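Undergrad:
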Amino acid sequence: MGFSTTIAIMFGTIILVSGLATIITINLLTITTQFEAFEEEYKLNEEKSGEDIRIDNVEGNLTLGLLLLNVTNIGEQGIQIRDFPYIDVIIFYKKDGANQTAWVPYDPNGASTPYWRVYKVFFKGREGDLMNPLELTNPTHGIWDPEETIELEIVLSGSVQEFYYVVIATPRGRIAYGVPS
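So for the sequence shown, this note's numbering puts the first residue at 15; every next one is plus one.
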């Protein structure tokens, strides 16, 4: 009779220890997963904080449906030219008496309207790209470096009555607004 009590206590202890080990393992896995998520969020925020742009000048030609604007990389990191298709350019304008909004795709060759492309590159007020040059004729290499200004040419389909403003968003989510002068 005493022997069955000992066996029952041993089995109970084994079950209790196994349960505690399972609970501890689950808690450790949860903590590890949360730590990895926080670390990933920190890296993403760090990347995002290194990228920033500013629209300096916006000029429009209503008859041609053309906007020229200077956008300066005021962040701490460059933007690869291969990421330009992921830059969003959105224009708010008036055409045929109605307010319209258009997302304008990147087209370095300007083959079909609407499109936007890099027209010129400036560094500290002078035309030309000295570091990691953007190849405008063959846009596969180059970086839009910090402190560089690019002049964007944005062409819509036909004439417009009025340009209200333009919004540009970088691939990592930085946004700049510009109003034509």
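In this text, a Cβ means the ideal position worked out from N, Cα and C, and glycines have one as well. A quick note: this is a predicted structure, and the numbers were derived from the prediction, not measured.
Kindly identify the DSSP beta-bridge partner or partners of F106.
TA: BP columns for F106 point to T115 and Y179.
Undergrad: Compare the Cα-Cα distances from D70 to each of L148, G139, V174 and M145 and report the closest residue.
TA: Considering only alpha carbons, the answer is G139.
Undergrad: So for V88, helix, strand or coil by DSSP?
TA: Note that residue 88 is Ile in the sequence shown here, rather than Val. Three-state result, I88: coil.
Undergrad: Hey, how far is the Cα of L166 from the Cα of R131?
TA: Going by the C-alpha atoms only, they are around 6 Å apart.
Undergrad: Rounded to whole angstroms, what is the Cα-Cα separation between F136 and A125?
TA: If you take the alpha carbons of F136 and A125, they lie about 24 Å apart.
Undergrad: First and last residue of the beta strand (DSSP E) that includes Y129?
TA: Run containing Y129: Y129 to F137, per the beta strand (DSSP E) assignment.
Undergrad: Can you name, in chain order, every residue of its own chain whose Cβ lies under 6 Å from the Cβ of W117, other than the five neighbours on each side?
TA: So the qualifying residues of the chain are I104.
Undergrad: Throw me the rounded Cβ distance for the G11 and I95 pair, which I believe falls under 8 Å.
TA: Residue coverage of the chain in this structure runs from 15 to 195, which leaves residue 11 outside it and unanswerable.
Undergrad: Relative to the alpha-carbon of E162, which residue among T86, P119 and E73 has its alpha-carbon at the smallest distance?
TA: Measuring from the Cα of E162, the nearest candidate turns out to be T86.
Undergrad: Quick one: give me the first and last residue of the beta strand (DSSP E) that E73 is part of.
TA: That run of the beta strand (DSSP E) goes I67 to N75.
Undergrad: Could you pull the DSSP bridge partners for R140 from this structure?
TA: F137.
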